[in-house]
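Colleague:
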Amino acid sequence: MKFQILLCLWMALLTATTIAFLQEGLRDQMVTYLRADEPFIEDGNRMHGMLDDLERIQIFCTRPSKLRLGNIFQTNRLHLQMSPGGAFRQYMADTVRSIYEAHRLATQSPDGKGLTKFDQKHKYIPLNAHVHTCYGINTEQRFALILEETSCDLERLVQFALGVALWFGAPFLANSLICLYCTAAALGAHVASICVIFVSLYASSQDLFREDVGSLRAYFKLVLEERPLVVALALVAGAWLFQCGCKKYEWLWSYEFAHKLHQRLLKALAYWLILAASDHKGFGWVCVCLIFPFPELWRLLRRLRAKCVLLRRRVLPPHVRLFLSEEEYQAQAAFETQQALAGMRDRLHQEPPTWQQMSQLHQPQKFANFLNGESHLAMRPNRCKVPVGHNTFGPGGHRQDLREPVEERCECCSIRNLLMSSSVWRVLPFQPSEASFSTIYRNSEYKDSEEQDYFS
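According to mature numbering (1 follows the signal peptide of the UniProt record, and there is no 0), the sequence shown holds residues -20 to -1, 1 to 436 in order.
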């Protein structure tokens, strides 16, 4: 008994599923796929006697275009021709099932419908070129439907180029006061156009105003076609009001944050222009993701790095660095000086100095003493010893105060500094030949100096 009940339930479920599938297939057979520039003409009274209210909807679909370089800025729209005053209901969705659901919920699409009392014969419904889109219409009037396809819309191309140029020029235009006025005028015109669209929606129909407002670009074109003078006056008034407000608060331009805010506004406007240039949303997001990280992400990373360093210093403070006292510093300097001098003596004993060093040596005797480890600050025997504070009279009878210099110029110190510099020791060793030497001056009275070798 239980088996028979389960079998009956399973057969009922299978029958219901089959009927729903057949109904869905019948509805799918009524779908018409439109081709570009091929008109479709339909008489509304031809099939209404045979079909119910749900099946009287005429559904037209368009296949998505594959993204290529030539159709990035493609624009599709439906051209609906109907006698003036004809009543119709239209629906827009991605699938056929969504069209029937919108018809059941009575959610019409306002695209293409007039926003004012002006009734037009030609209506244009914008479509997405890169997405599967279905359009459903329910009417008893005779109508004609044409799919218009523009592979490269000049308006979209100019919008994309303007967005890219604005993004690159934002750092340079941010400091221009004239550019600020132009930005304010453009922003005022845009706000005025939005206000005109909403006022037209509210004045045309309360039900239409409560529904999805759709594309602002399509609505703006409709309002511009129906009332061009009103739109022009609204745009001029919006631009004038924003420009006057900008001149009133011109004193804020002297602050740095006003320039940064202007640059951010230009960047945001550039991003919006790039995103809205193509119907393919992936293209706009890819472009924004490619150009966004360069200045913005780098600035964000630097700020995060500074915050991390500050937090690390607060959590793990650095060790206190101990400095040497004056006595310790002098002792350390003396020790390092003695080590350097000892190393230089050993190096000079192993490698004799070059002729460049010899040319700068004025007193070989002191240098020899230095090599032997003696002090190189010996007093000159013939140095003029003038008492400290000794007064003399110079030429002209003026009194002069001759004081002994605090420190005498030391040739050995200059030779030591020369030898200790890295630039001297990087010079390749020069081995002069005997032919390169020539006697320029010979002192016959001082012959012992020629035979004495101070560097042996």
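Every residue gets a Cβ at the ideal spot worked out from N, C-alpha and C, and that includes glycine.
1) Helix or strand or just coil, what does DSSP make of residue 110?
2) Apply the 10 Å Cβ neighbour rule to residue 289 and answer buried if 16 or more other Cβ atoms are within range, or exposed otherwise.
3) Is the segment 78 to 85 close to the segment 114 to 129, with three or more CB pairs under 8 Å?
4) Can you tell me whether residue 64 is buried or exposed? The criterion is at least 16 other CB atoms within 10 Å of its CB, across all chains shown.
5) If you scan the segment 109 to 166 from start to end, which runs of the alpha helix (DSSP H) of 4 or more residues do you find wholly inside it?
6) In angstroms, rounded to a whole number, what distance separates the CA positions of residue 61 and residue 199?
7) Would you identify the three-state DSSP class for residue 22, choosing helix, strand or coil?
8) Let me confirm a value: residue 211 is counted as buried when at least 16 other C-beta atoms fall within 10 Å, else exposed. Which label applies?
9) Leaving out the 5 sequence neighbours to the left and right, which residues in its chain are closer than 8 Å to residue 240 when beta-carbon positions are compared?
10) Let's test the definition: count the other Cβ atoms within 10 Å of the Cβ of residue 224 and tell me whether it reaches 16, buried, or not, exposed.
11) Do you know how far the Cα of residue 119 is from the Cα of residue 83?
12) Pair every Cβ in the segment 135 to 154 with every Cβ in the segment 39 to 46, then say whether three or more of these pairs are closer than 8 Å.
13) Straight-line CA distance for residue 89 to residue 72?
14) In this structure, what does DSSP give as the bridge partners for residue 51?
15) Taking contact to mean 3 or more Cβ pairs, one atom from each stretch, closer than 8 Å, check whether the segment 167 to 175 and the segment 213 to 228 are in contact.
16) Can you pull the DSSP bridge partners for residue 60?
17) When we look at the beta-carbon of residue 70 and count the other beta-carbons within 10 Å, is it buried (16 or more) or exposed?
18) Do residue 259 and residue 109 have their C-beta atoms closer together than 7 Å?
19) Inspect the beta-carbon positions of residue 53 and residue 132 and report whether they are closer than 7 Å.
20) Have a look at residue 282 and residue 302 and give me their C-alpha separation to the nearest angstrom.
21) Quick one: give me the first and last residue of the alpha helix (DSSP H) that residue 251 is part of.
22) Judging by CA-CA distance, which residue of 330, 252, 324 and 317 is the nearest neighbour of residue 139?
23) Could you compute how far the alpha carbon of residue 58 sits from the alpha carbon of residue 136?
24) To the nearest angstrom, how far is the alpha carbon of residue 324 from that of residue 314?
25) Classify residue 467: buried if its beta carbon has 16 or more other beta carbons within 10 angstroms, exposed otherwise.
26) When burial is assigned at 16 or more other CB atoms within 10 Å of the CB, is residue 157 buried or exposed?
27) Just the Cα atoms here: how many angstroms apart are residue 66 and residue 103?
28) Taking the DSSP output, what are the residues bridged to residue 72?
29) Using the three-state DSSP reduction, which class does residue 320 fall into: helix, strand or coil?
30) Does DSSP classify residue 39 as helix, strand or coil?
31) Residue 13 by DSSP, collapsed to three states: which one?
32) Looking at the structure shown, is residue 200 part of a helix, part of a strand, or coil, going by DSSP?
33) Identify, in the order they occur along the chain, each residue of the same chain with its Cβ nearer than 8 Å to the Cβ of residue 121, setting aside the five sequence neighbours on each side.
Modeller: Here's the rundown:
1) For this step, residue 110 is matched to residue 130 along the sequence shown. Looking at residue 110 - three-state DSSP - the assignment turns out to be coil, as it is neither helix nor strand.
2) Your numbering for residue 289 matches position 309 in the sequence shown. Flag for residue 289 reads exposed.
3) yes
4) Within the sequence shown, the letter at position 84 stands for residue 64. Label assigned to residue 64: exposed.
5) 134 to 153
6) By one-based count along the sequence shown, residue 61 stands at place 81. By one-based count along the sequence shown, residue 199 stands at place 219. Near 18 Å, if we compare the C-alpha coordinates of residue 199 and residue 61.
7) As a first step, residue 22 is located in the sequence shown; it is residue number 42 there, counting from the start. In the structure shown, residue 22 sits in a strand (DSSP, three-state: E or B).
8) Looking up residue 211 in the sequence shown gives position 231. With 16 or more Cβ atoms within 10 Å of its Cβ, residue 211 is classed as buried.
9) Indexing the sequence shown from 1 puts residue 240 at position 260. Here the set comprises 154.
10) In the sequence shown, the residue the question calls residue 224 occupies position 244. By the neighbour-count rule (16 or more Cβ atoms within 10 Å), residue 224 is not buried but exposed.
11) For the purposes of this step, residue 83 is taken as residue 103 along the sequence shown, with counting starting at 1. For the purposes of this step, residue 119 is taken as residue 139 along the sequence shown, with counting starting at 1. Each residue's Cα considered, the two are about 13 Å apart.
12) no
13) As a position in the sequence shown, residue 89 is number 109, starting the count at 1. As a position in the sequence shown, residue 72 is number 92, starting the count at 1. Taking the straight line joining both Cα atoms gives about 6 Å.
14) Your numbering for residue 51 matches position 71 in the sequence shown. Paired residues: none, contrary to the question.
15) yes
16) The sequence position of residue 60 within the sequence shown is 80, counting from 1. Residue 60 is bridged to 103 and 125.
17) The sequence position of residue 70 within the sequence shown is 90, counting from 1. Its Cβ being crowded by 16 or more others within 10 Å, residue 70 is buried.
18) As a working note, residue 259 is residue 279 in the sequence shown. As a working note, residue 109 is residue 129 in the sequence shown. Yes, they are a contact pair.
19) To locate residue 53, count along the sequence shown from 1; it is residue 73. To locate residue 132, count along the sequence shown from 1; it is residue 152. Yes, these two residues count as a Cβ contact at 7 Å.
20) Walking along the sequence shown from the start, residue 282 turns up at place 302. Walking along the sequence shown from the start, residue 302 turns up at place 322. Going from the Cα of residue 282 to the Cα of residue 302 covers about 31 Å.
21) As a working mapping, residue 251 is identified with position 271 in the sequence shown. First-last of the alpha helix (DSSP H) with residue 251: 236 to 255.
22) Locating residue 139 in the sequence shown gives position 159, counting from the first residue. Here the closest residue by C-alpha is 252.
23) Within the sequence shown, numbered from 1, the residue matching residue 58 stands at position 78. Within the sequence shown, numbered from 1, the residue matching residue 136 stands at position 156. About 18 Å.
24) Within the sequence shown, numbered from 1, the residue matching residue 324 stands at position 344. Within the sequence shown, numbered from 1, the residue matching residue 314 stands at position 334. Roughly 15 Å separates the two Cα atoms.
25) It is not possible to answer for residue 467, since the shown part of the chain is limited to -20 through 436.
26) Residue numbering aside, residue 157 sits at position 177 when the sequence shown is read from its first letter. Its Cβ having fewer than 16 others within 10 Å, residue 157 is exposed.
27) Position 86 of the sequence shown, counting from 1, holds the residue named residue 66. Position 123 of the sequence shown, counting from 1, holds the residue named residue 103. So the two alpha carbons sit approximately 12 Å from each other.
28) The residue given as residue 72 occupies position 92 in the sequence shown. 115.
29) Indexing the sequence shown from 1 puts residue 320 at position 340. Of the three classes helix, strand and coil, the one that applies to residue 320 here is helix, per DSSP.
30) Residue numbering aside, residue 39 sits at position 59 when the sequence shown is read from its first letter. Here residue 39 sits in strand by DSSP.
31) Residue mapping note: residue 13 aligns to position 33 of the sequence shown, counting from 1. Strand.
32) Against the sequence shown, residue 200 aligns to sequence position 220. Correct three-state label for residue 200: helix.
33) Taking the sequence shown and counting its residues from 1, one reaches residue 121 at position 141. 24, 62, 63, 66, 67 and 68.
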